[in-house]
Every structure is written in structure tokens, then in C-alpha cells.
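What follows is a single structure, written as C-alpha cells, with notes after it.
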Amino acid sequence: MIEATKQDQAELLQIGAFAKAAGTNLRTLRYYEELGLIEPAGRSPGGFRHYDRHQLERIAAIKRLQQLGLSLKEIQTFMSIDRTSSNHVAERVDGALNRQIALIEDRIKAMQHDLAELRVAKEKIAHCKACDVTLTPDNCASCRQDHKPLHPVIRALL
3 MIEATKQDQA ELLQIGAFAK AAGTNLRTLR YYEELGLIEP AGRSPGGFRH YDRHQLERIA
63 AIKRLQQLGL SLKEIQTFMS IDRTSSNHVA ERVDGALNRQ IALIEDRIKA MQHDLAELRV
123 AKEKIAHCKA CDVTLTPDNC ASCRQDHKPL HPVIRALL
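Numbering (our numbering), first residue to last: 3 to 160.
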């Protein structure tokens, strides 16, 4: 690891400031470093980690991938592009981008399905509001109005 010079240190963030700017904590940053997801740009003479501001983008990307449901191990695979070799780097980055696009498209499909289910449940609850029976799983196992079972989303909320 490179020791940061005084001039470089002016452009770098100490780990605490970097964690705050990234919206995370020191423990998470150290864990990401342990996994090889990030690497300090340098260290002070006292051994304190310093990070480049551009690494905030990397933290944001890690968070986005986690929100898509990827484990940190999977994120390691996405981000393990050998920057020292120029052989096929563009192809590997393109492949990683294609995998991220596919994940987002899958998530969008799942969210569209969830949204459709919630809309059906909302229509069903409109019938329930007009009913004189108290809304419970026992009372509404088979709706008196449409003779359909209670929607699973509504049942889960009761």
C-alpha cells in the first residue's frame, strides 16, 4: 500500500470523513476492504486510511447492487476486473454491465408483478369497505359479495 504524501492527503478523505460522505460506517468500509471491494488510496504516516473521492462512486455502486439483492460475494465477482491487464478489459466491463442490466430488468418485472398484486388487493378492499361484516380472515374466508377468498396481501395485513 502506498503512503500518501502531504499534497495527496489534501485531496484524500480520512476513513471517518469518507464513511460519512458514503453514508456508511467504519466497520463496513473495513469489511469492504477485507473483501477487496475497495482499497484505500493511501495511508497517513500514522497508518490511517485515506480514500479518494471517486471511490464514493464505488460505494454507491456496491449499495445499488445490494439493493438488487446481490450478496457481497456476488458483488465481488462483478467488481473483480483486473485493471493491470489491458486484455479484454472492455469485454469484461461490458459483461458485468450486461449482468447488472439483466438483474435490474428482473427486479423491475418482480416489482411490476408486486404492484399488480397490490392493485388487485386494493380493488378487493374497496368491496370490504362497503360490507357490513367485520373484516377478519375467519369472517371473510369466502367473500359474501364475490364468493372469492380473501386476497393474500389483505390476509397478511390482518
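Glycine included, C-beta positions come from ideal geometry on N, C-alpha and C.
Keep in mind that this is a model prediction, so the values were computed, not measured.
Work out the CA separation of Gly71 and Ile156 for me, nearest whole Å. One C-alpha to the other measures close to 25 Å.
Endpoints, the alpha helix (DSSP H) within which Leu37 is located: In the DSSP assignment, Leu37 falls within the unbroken alpha helix (DSSP H) covering 28–37.
Out of Arg45, Cys130, Ala123, Lys75, state which residue places its alpha-carbon closest to the alpha-carbon of Leu15. Of the candidates Arg45, Cys130, Ala123, Lys75, the one whose C-alpha sits nearest the C-alpha of Leu15 is Arg45.
By how many angstroms is the C-alpha of Ala63 removed from the C-alpha of Leu105? In this structure, the alpha-carbon of Leu105 lies about 14 Å from that of Ala63.
Distance, Cα to Cα, Gln102 vs Glu93? Cα-Cα distance, rounded: 14 Å.
Burial state of Lys124, where buried means 16 or more other Cβ atoms lie within 10 Å: Here Lys124 is exposed. Its C-beta has fewer than 16 other C-beta atoms within 10 Å.
Lys8 classed as buried or exposed, judged by whether at least 16 other C-beta atoms fall within 10 angstroms: Residue confidence for Lys8 is low, a pLDDT of 47 falling below 50, so the modelled location carries little weight and cannot support an answer.
Short of 6 Å in beta carbon distance, which residues of its chain neighbour Leu160, apart from the five on each side in sequence? Order them along the chain. Hits under 6 Å: Pro139.
With a Cβ-Cβ cutoff of 8 Å, do Ala23 and Leu58 count as a contact? Yes, Cβ-Cβ distance for Ala23 and Leu58 is below 8 Å.
Hey, how far is the Cα of Cys133 from the Cα of Arg109? When only Cα atoms are considered, Cys133 and Arg109 end up about 36 Å apart.
Could you spell out the range, first to last residue, of the alpha helix (DSSP H) harbouring Leu74? For Leu74, the enclosing alpha helix (DSSP H) stretches over residues 74–81.
Is Pro154 buried or exposed, if buried means 16 or more other CB atoms sit within 10 Å of its CB? So Pro154 ends up on the exposed side.
What does a CB cutoff of less than 6 Å around Leu137 pick up in its chain, not counting 5 residues either side in sequence? Cβ neighbours of Leu137 beyond the five flanking positions: Cys130.
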